[in-house]
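From first to last, the protein sequence lines stand for chains A and B. Per our numbering, the very first residue in the first sequence carries number 1221; after that it's consecutive. Per our numbering, the very first residue in the second sequence carries number 54; after that it's consecutive. Where is the CB? At the ideal position from N, CA and C, for every residue including glycine.
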Amino acid sequence: MTAALLEVDHLQMNFPIHGGLLGRVKAEVRAVNDVSFRIGAGEVVGLVGESGSGKTTVGRTLLRLEEATSGSVRFDGTDILQLPGDKMRAFRKRMQIIFQDPFASLNPRDKVREILGHPLKLHRIGSASDRTDRIVSLLGKVGLGAEHLDRYPHEFSGGQRQRIGIARALAVEPEFIVADEPVSALDVSIQAQVINLLQDLCKDLGLTMLFIAHDLGIVEHFCDRVIVMYLGRIVETGPASAIYARPNHPYTKALLSAVPQPVPGGRKDRVILKGEIPSPINPPSGCVFRTRCPMASVECASVVPPLKTVGLDDHLSACINTA
Amino acid sequence: MPLPRSEAPITASAHARPLLRVKDLQTTFRVGGNKFVRAVDGVSFDLDPGETVAIVGESGSGKSVTSLSIMGLLPHDSGEVTSGSMRLDGQELRDLNPEAMRRIRGKKISMIFQEPMTSLNPVHTIGRQISEVVIHHEGLSHRAARARAIEMLELVGIPEPTRRVDNYPHQMSGGMRQRAMIAMALSCEPAVLIADEPTTALDVTIQAQMLELMQDLQDRMGMAIIFITHDLGVVAEVADRVVVMYAGEVVESGTVHQIFEAPRMPYTVGLMNSIPRLGTKLPGNRLQTIRGTVPPLSNLPRGCRFHPRCDHATDVCRGTGNHPSLDAAAPGHLVRCARWKDIRFDVEESA
Chain A
1221 MTAALLEVDH LQMNFPIHGG LLGRVKAEVR AVNDVSFRIG AGEVVGLVGE
1271 SGSGKTTVGR TLLRLEEATS GSVRFDGTDI LQLPGDKMRA FRKRMQIIFQ
1321 DPFASLNPRD KVREILGHPL KLHRIGSASD RTDRIVSLLG KVGLGAEHLD
1371 RYPHEFSGGQ RQRIGIARAL AVEPEFIVAD EPVSALDVSI QAQVINLLQD
1421 LCKDLGLTML FIAHDLGIVE HFCDRVIVMY LGRIVETGPA SAIYARPNHP
1471 YTKALLSAVP QPVPGGRKDR VILKGEIPSP INPPSGCVFR TRCPMASVEC
1521 ASVVPPLKTV GLDDHLSACI NTA
Chain B
54 MPLPRSEAPI TASAHARPLL RVKDLQTTFR VGGNKFVRAV DGVSFDLDPG
104 ETVAIVGESG SGKSVTSLSI MGLLPHDSGE VTSGSMRLDG QELRDLNPEA
154 MRRIRGKKIS MIFQEPMTSL NPVHTIGRQI SEVVIHHEGL SHRAARARAI
204 EMLELVGIPE PTRRVDNYPH QMSGGMRQRA MIAMALSCEP AVLIADEPTT
254 ALDVTIQAQM LELMQDLQDR MGMAIIFITH DLGVVAEVAD RVVVMYAGEV
304 VESGTVHQIF EAPRMPYTVG LMNSIPRLGT KLPGNRLQTI RGTVPPLSNL
354 PRGCRFHPRC DHATDVCRGT GNHPSLDAAA PGHLVRCARW KDIRFDVEES
404 A
C-alpha cells in the first residue's frame, strides 16, 4: 500500500434515541462501532454491507456531515475530527461526496451553471470571469457540454444528473471522494457508463475514493480493496482479489453466495442466511453476526472477535472460528 | 436454413391453451392536454400454469404498465387499455366491469409490489387484512378466516404466527412485511401471481430468502408467476421464459436458456454485457456500455426504437416504414431486429 491518505481509528458513532414526555435520551444506536481502516493515496476502496451495517454513516462521519462520537480520522496527517469550523473548511475542499440519489441531491431551482458555480465561489476558486470556463471544462470531464450550462436538473435524465453530481464533487479539485451508492438509482444500461466514467476520473485525476455500495459485482470490478461491514463493525477487509476468491468470514461468504448470477441454473450451493440483521439498539453480545451465522459456537456469544490476518498481510477477518 | 416468419408474434407455449394469453396489448396514457403516449405498444405473451415468465426492462420500457393493465389497476383518469386482449383461463379481462374484475383480483390473479406498504394498510392488523381477502372471496366465517391468516403467515415463514397475526405493519421489519404481503396475495391460492420488482428494495441476503420462498410456494401451490424485474441475475434464477421489453415493445422473448445463452437482439446482448459478473475479469478492465439513454415515449425514434443506441444499426434500421417485426429466430425464440440474421455475437461464456 502507498502512504495512507486517510487513517481512521476506533471510529464510533452513537445516535441517541429520545423518548418519553421530556424527550430524554433513553437508548443509543451504535451505528458505527470501533471501526479502523486506512486508505492509501490513489486507492479505490469499496465499503460493502447491507442496510443497517453503518456503511453510509462511516462515509458521512469521515466528511463530518455527522459528528462522530469518538475516534479519529487523520487526513494527510491531521485529525480532522478535532478541527474547528474555520480550519475544517480548507479540508472540505480536499474531501468531497457524491450522493446516491441524483434526483434529491441537486437543487431543482438552480441551473447547472449555478450548481457547479456555488462550490467555486464558496472556496474562492478562480475569478468570476473565468468560472464559466472552469464549469465548461468540468462538464467536459463528465461527458456533458457548454450547451447544458443554462438547463435545470429536471431537463436531464438520471444518468446525466449523476454526471452533474460528479462534476460538482470535482469542482473544487478534491483529492478524496466518498461515493455513496452513486449508481444504485440508475438503470442497468446507464450504471456501466457512470462506473466507466468514475474509473477514468480516478485514473486521470489520481483520486482516492471510498466507494460505498451494496452491489458486490460492481465493487469487485471497480475497487482495489474491500471493507465488509455488519451491524456497525468491520467483519472482513482485504484486497478485492483475495476477498472475492477466498472470503474468510462466514458473513462475507453468505453475502457473495447470495448475489444472483446471470447464468440460468447457475449456483446451487447457496448459503441462505436465516432471519434479518438485528436491531443496532440491542446488538448481540460477542460477535454481532452470531445470531445468523451458520457456524456460530458457544464462545461466539462472549468474545468480540478481533480482526486477524488470514493468508495475506492485509487480508483481515473477525471470526474466532475461521480466522 | 431460413426460419419461418411467425404470423402471430406470441411466445411458443407447450400448452394448447395457456392460462393467460396477452395479445397485442396497447395501453395509452394521457400526458397533459390532448397528448397521448403508448406506454405499452402491441405486447403479446403467454403464461402457462405453474411457470414463471420474467418481464425484463429498464424504466420506461412498459413492464409495470403491462402488469397494471392485466390487473385492471391503471390510474383511471390517465391510463387506458386501448386495444388488444388479455384472456385469463379463456375469460377476456377487458370485457369485465369493475365489479366483476374485483371478484377476480385477489382470487384468481394477485399482485405483489416492491414496497410492501403499497399493499398493506397501516391502520389494520395483518390478520384482519388477510381475513378480509378470504371473507370477501371465499365467504369464510371470521373464525375460519383468522385460522387461514395464521396458516398463511406460517406458510411464508413468519415466526410465531399466532402472535404476529395481531401485529400492525409498523410492528414488523421490512422483510417480515414483504412476507406478510406475499401471504395476503396468496391467501386465495390464485392461479397467477404478478410480482413487480418484489426484491429490488431488499438486501441481497433477504432477497435470497424471498426468491427461495417464492420458488417453494410455487412448488407447493402451483401458481404461475409473472416476475417483473430489471435484474438479470434474478431473471436467470427464477424464470422459465423471458420477455425483454424496450420503449413499450417486446424486443426479444424465449426460454431462459435461449435468452441468456443465445441472445439475438443487440439490446439484450448490451444489457447482459453491461453487468459485471462475480469472478470474471473483463477485457481491459472496462464495462461494456449501451450508449445514450432510453428514449422518451413522447419522442420515439423512427424505425427500430433501439437504433440510435445500437452499434449494429444501418440504414435498414432507420426511417419510417422500417419498424422491425418480431421474427422467430428459433422455435419459441422471437426477436425484433431487422438484422438478426446478419449479426453474430460473442456471448460471454461464463461457467
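>> For residue 114/B, which residues in the same chain have their Cβ closer than 6 angstroms to its Cβ, ignoring the five residues on either side in sequence?
In response: So the list reads 298, 299, once near-sequence residues are dropped.
>> Taking beta-carbon pairs under 9 angstroms, can you tell me which members of the stretch 1351-1381 of chain A lie near chain B?
In response: 1377, 1378, 1379, 1380
> So, is the C-beta of residue 35/B closer than 9 angstroms to a C-beta in chain A?
Replying inline: With chain B represented from 54 up to 404, any question about residue 35/B goes unanswered, as that position is not in the structure.
> Name the chain B residues whose beta carbon is nearer than 7 angstroms to that of residue 1271/A?
Replying inline: 256
> Does the beta carbon of residue 415/B come closer than 9 angstroms to any beta carbon on chain A?
Replying inline: This structure cannot speak to residue 415/B, because chain B is shown only from 54 to 404.
>> Let me see if you follow: with CB-CB separation under 9 angstroms, is residue 1230/A close to chain B or not?
In response: Output row for residue 1230/A: interface = no.
>> Bridge partners for residue 302/B per DSSP, in chain order?
In response: Residue 302/B is bridged by DSSP to 299/B.
> Closer than 9 angstroms, CB to CB, is residue 1492/A near chain B or not?
Replying inline: yes
>> What does the Cβ neighbour count give for residue 1457/A, buried or exposed, with the cut at 16 atoms within 10 Å?
In response: With 16 or more Cβ atoms within 10 Å of its Cβ, residue 1457/A is classed as buried.
> How is residue 276/B classed by DSSP in three states: helix, strand or coil?
Replying inline: coil
> Is it true that the CB of residue 257/B sits closer than 9 angstroms to the CB of residue 1436/A?
Replying inline: Between residue 1436/A and residue 257/B, the C-beta gap is smaller than 9 angstroms, which places the two residues in contact.
> By how many angstroms is the C-alpha of residue 1490/A removed from the C-alpha of residue 263/B?
Replying inline: 13 angstroms
> In or out: residue 161/B buried (at least 16 other Cβ within 10 Å) or exposed?
Replying inline: buried
>> For a test of the three-state rule: what should DSSP assign to residue 1237/A, helix, strand or coil?
In response: strand
> So which residues of chain A does residue 339/B contact, with C-beta pairs closer than 7 angstroms?
Replying inline: 1416
> Who pairs with residue 1259/A in a beta bridge, going by DSSP?
Replying inline: 1226/A
> Expressed to the nearest angstrom, what Euclidean distance is found between the alpha-carbon atoms of residue 1302/A and residue 1290/A?
Replying inline: 10 angstroms
> So residue 1515/A is in the beta strand (DSSP E); what residue range does that whole segment cover?
Replying inline: No beta strand (DSSP E) holds residue 1515/A; DSSP gives it neither H nor E.
> Between residue 1472/A and residue 1265/A, what straight-line distance do the alpha-carbon atoms span, to the nearest angstrom?
Replying inline: 16 angstroms
>> If I measure Cβ to Cβ from residue 1277/A and keep anything under 6 angstroms in the same chain, skipping five residues before and after, which residues do I get?
In response: Short of 6 angstroms from the beta carbon of residue 1277/A, and not among the five residues preceding or following it, lie these beta carbons of its own chain, in chain order: 1233, 1251, 1252.
> Is residue 1376/A helix, strand or coil by DSSP?
Replying inline: coil
>> I want to know whether the stretch 273-290 of chain B touches the stretch 359-370 of chain B - three or more CB-CB distances under 8 angstroms.
In response: no
> Which of the three DSSP states, helix, strand or coil, is assigned to residue 359/B?
Replying inline: coil
>> Below 8 angstroms on the Cβ atoms is my contact criterion, and I expect residue 1326/A with residue 1381/A to pass it. Report the Cβ-Cβ distance as a whole number of Å.
In response: 6 angstroms
> For the stretch 150-171 of chain B, which residues have a beta carbon sitting closer than 8 angstroms to at least one beta carbon of chain A?
Replying inline: none
>> Strictly below 7 angstroms CB to CB, what residues from chain B border residue 1482/A?
In response: 285, 286, 289, 313, 325, 328, 330
>> Using 9 angstroms as the threshold, is the C-beta distance between residue 188/B and residue 222/B below it?
In response: no
> My guess is that residue 254/B and residue 167/B are in contact by the Cβ rule of under 8 angstroms, so how many angstroms apart are they, rounded?
Replying inline: 5 angstroms
> CA-CA distance, residue 213/B and residue 195/B?
Replying inline: 20 angstroms
>> Between residue 1497/A and chain B, is any beta-carbon pair separated by less than 9 angstroms?
In response: Chain B contact via Cβ: present.
> Of the choices 1508/A, 1438/A, 1499/A, whose alpha-carbon is the least far from that of residue 1470/A?
Replying inline: 1508/A
> If we ignore side chains and look at the alpha-carbon of each, how far apart do residue 216/B and residue 174/B end up?
Replying inline: 18 angstroms
>> Going by DSSP in three states, residue 133/B sits in which element: helix, strand or coil?
In response: Of the three classes helix, strand and coil, the one that applies to residue 133/B here is strand, per DSSP.
> When you compare only the Cα positions, how much space is there between residue 1350/A and residue 1356/A?
Replying inline: 10 angstroms
>> If the cut-off is 7 angstroms on Cβ atoms, which residues from the stretch 205-230 of chain B count as contacting chain A, listed in chain order?
In response: Result list: 226, 228.
>> Can you look up residue 1479/A in the DSSP assignment and give me helix, strand or coil?
In response: coil
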